[in-house]
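Counting along the sequence shown from 1, when you hit position 82 you're at 81 in numbering that gives the first Met the number 0, and nothing is skipped either side.
Data first, discussion second: the structure below is written as structure tokens.
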Amino acid sequence: MERELDDLLHCPCPSCGAQLQYNAEKEAMACNHCGYTEKLVLGKDRIEEIDWTQARTDSKHTVERRLFTCQRCGAKTTVNYDTPTITCGFCGSTNVNPDATKTRLFEPQGIVPFKISRTQATESFKNWIGQSIWAPNDLKNLARVDTLHGIYIPFWTYDVQTHSEWEGEAGTYYYVNEQFRDQNGNVQSRQVRQTRWTYRNGTHQQFFDDILILASRQLPQQTIQKVYPFLLENVVNYEPRVMLGWESEVYKIDPQEGFSVAKKIVDDRIESACAELLADDTYRNLEVQTEYSDQTFKHLVLPLWICAYQYNGKTYQFLINGQTGSISGNRPVSVWKVLLAVLAFIGLVILFSVLGGR
């Protein structure tokens, strides 16, 4: 059923009338004004795989959304709380078009609620910032969190059944004795490795479940992979109230483009599997033909803290997985520490050279 989301964005506190927001620490709706909390019952019964063949003609999985566009980086987000100014969580710009536009998009089938709160994210940053041996000594004391945005990031997951036919040449190593003359002219014998090639073919069937593909263009796939994994077994029914108090990006990579990325992952895994079936000691000329069936997908939104901190007038970015707390980002490097390490290495090389020459 097509639904309007606008009516779901206001959730008044039954105690004082203020707006409820989802609290990650309490894992409940909470009122910041009077302290009222309300647990949400989040099941899994509505997490539905969408048949690939019906995706373009079936509108029951779509919903109309209000989008805000950043004028600097082009990010499109929904802001699920009342605020006089909107700050882009990706580039930090406040130059965000306040006039929302409406568009119809696939509604998420599932969500992983934030479990890492703002306070916990800040503590994770403090622990992480001092872990690098190459970081300046004063980094932990002087680094200050500049921006901390909790954003639900769009993803696709894909399921597909595959049937592959493969053929190639399997290589088996064997050894032969070979005679040669050494530098003194004496005849010597040695073993030389040869390869015996044998043509082979066969079939391979494999089902792929929940291949996770980022649906955002604001974050490179290789960047967000550094805070993987997301524990998809904890995905629950999509519940708009869980997003109250948080930002959420809408997908820019549509299901078809996302499947092209997933298909490359599938093909690489199939080729590796077929190579194992073909090879003895080695292989060559492997060719694989694959048929795809039972293709389904679903839309998920997953929690991510997009953060930045200041040190010596420069801005450094880092990410925190909003479910697991895994953190990755950029840290400044102390030139003096690197220089001392290089000098110490050179000194050791010289010392061993002197000792070895005695």
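Here a beta-carbon is modelled for each residue, glycine too, at the ideal position from N, C-alpha and C.
As the structure is a prediction and not an experimental result, all values here were calculated from the model.
Quick check: what's the CA-CA separation for residue i versus residue j?
{"i": "residue 161", "j": "residue 314", "result": "46 Å"}
{"i": "residue 108", "j": "residue 298", "result": "5 Å"}
{"i": "residue 226", "j": "residue 258", "result": "22 Å"}
{"i": "residue 19", "j": "residue 29", "result": "5 Å"}
{"i": "residue 306", "j": "residue 268", "result": "34 Å"}
{"i": "residue 10", "j": "residue 45", "result": "22 Å"}
{"i": "residue 22", "j": "residue 130", "result": "29 Å"}
{"i": "residue 348", "j": "residue 339", "result": "14 Å"}
{"i": "residue 301", "j": "residue 33", "result": "29 Å"}
{"i": "residue 106", "j": "residue 328", "result": "31 Å"}
{"i": "residue 207", "j": "residue 13", "result": "46 Å"}
{"i": "residue 165", "j": "residue 291", "result": "15 Å"}
{"i": "residue 104", "j": "residue 283", "result": "46 Å"}
{"i": "residue 143", "j": "residue 159", "result": "46 Å"}
{"i": "residue 184", "j": "residue 175", "result": "22 Å"}
{"i": "residue 4", "j": "residue 49", "result": "For residue 4, the predicted structure reports a pLDDT of 41, less than 50, and the residue's modelled location is therefore unreliable. A value from the coordinates is still provided. The straight-line gap from Cα to Cα measures roughly 21 Å."}
{"i": "residue 197", "j": "residue 204", "result": "23 Å"}
{"i": "residue 270", "j": "residue 262", "result": "12 Å"}
{"i": "residue 342", "j": "residue 354", "result": "18 Å"}
{"i": "residue 231", "j": "residue 37", "result": "25 Å"}
{"i": "residue 40", "j": "residue 311", "result": "46 Å"}
{"i": "residue 99", "j": "residue 31", "result": "With a pLDDT of only 48 at residue 99, under 50, the local geometry of the prediction cannot be trusted, and the value read off the model is given with reservation. Those two C-alpha atoms are separated by around 26 Å."}
{"i": "residue 264", "j": "residue 316", "result": "28 Å"}
{"i": "residue 287", "j": "residue 182", "result": "49 Å"}
{"i": "residue 17", "j": "residue 42", "result": "27 Å"}
{"i": "residue 219", "j": "residue 266", "result": "21 Å"}
{"i": "residue 326", "j": "residue 178", "result": "59 Å"}
{"i": "residue 47", "j": "residue 125", "result": "39 Å"}
Run the proximity test for residue i: is its beta-carbon closer than 7 Å to any non-hydrogen atom belonging to the ligand GTP?
{"i": "residue 15", "result": "Questions concerning the ligand GTP fall outside what the structure shown contains, since it holds no ligand whatsoever."}
If the criterion is Cβ atoms closer than 8 Å, does the pair residue i and residue j meet it?
{"i": "residue 248", "j": "residue 112", "result": "no"}
{"i": "residue 324", "j": "residue 123", "result": "yes"}
{"i": "residue 51", "j": "residue 294", "result": "yes"}
{"i": "residue 352", "j": "residue 273", "result": "no"}
{"i": "residue 156", "j": "residue 209", "result": "yes"}
{"i": "residue 237", "j": "residue 345", "result": "no"}
{"i": "residue 195", "j": "residue 186", "result": "no"}
{"i": "residue 145", "j": "residue 308", "result": "yes"}
In the DSSP assignment, what residue or residues form a beta bridge with residue i?
{"i": "residue 291", "result": "161"}
{"i": "residue 205", "result": "161"}
{"i": "residue 304", "result": "149, 319"}
{"i": "residue 328", "result": "317"}
{"i": "residue 166", "result": "200, 286"}
{"i": "residue 124", "result": "DSSP lists no partner for residue 124."}
{"i": "residue 188", "result": "178"}
Taking residue i as the reference, which of the options has the closest Cα?
{"i": "residue 114", "options": "352, 234, 182, 179", "result": "234"}
{"i": "residue 245", "options": "284, 144, 308, 149", "result": "149"}
{"i": "residue 229", "options": "153, 199, 202", "result": "153"}
{"i": "residue 318", "options": "221, 36, 132, 42", "result": "221"}
{"i": "residue 24", "options": "200, 261, 241", "result": "241"}
{"i": "residue 211", "options": "223, 285, 177", "result": "223"}
{"i": "residue 202", "options": "264, 146, 275", "result": "275"}
{"i": "residue 53", "options": "296, 145, 266", "result": "296"}
{"i": "residue 303", "options": "36, 47, 147, 40", "result": "147"}
{"i": "residue 35", "options": "219, 15, 287, 125", "result": "15"}
{"i": "residue 199", "options": "285, 177, 266", "result": "285"}
{"i": "residue 151", "options": "177, 125, 243", "result": "243"}
{"i": "residue 330", "options": "40, 31, 132, 39", "result": "132"}
Original post:
Below 8 Å, can you find three or more Cβ-Cβ pairs linking the stretch 211–219 to the stretch 114–121?
Top reply: Proximity of the stretch 211–219 to the stretch 114–121 falls short of the contact definition, fewer than three beta-carbon pairs being nearer than 8 Å.
**OP:** Report yes or no: do the stretch 169–184 and the stretch 278–285 share at least 3 C-beta pairs separated by less than 8 Å?
**Re:** yes
**OP:** Determine, using beta-carbon pairs with one atom in the stretch 238–258 and one in the stretch 177–197, whether at least three such pairs fall under 8 Å.
**Re:** no
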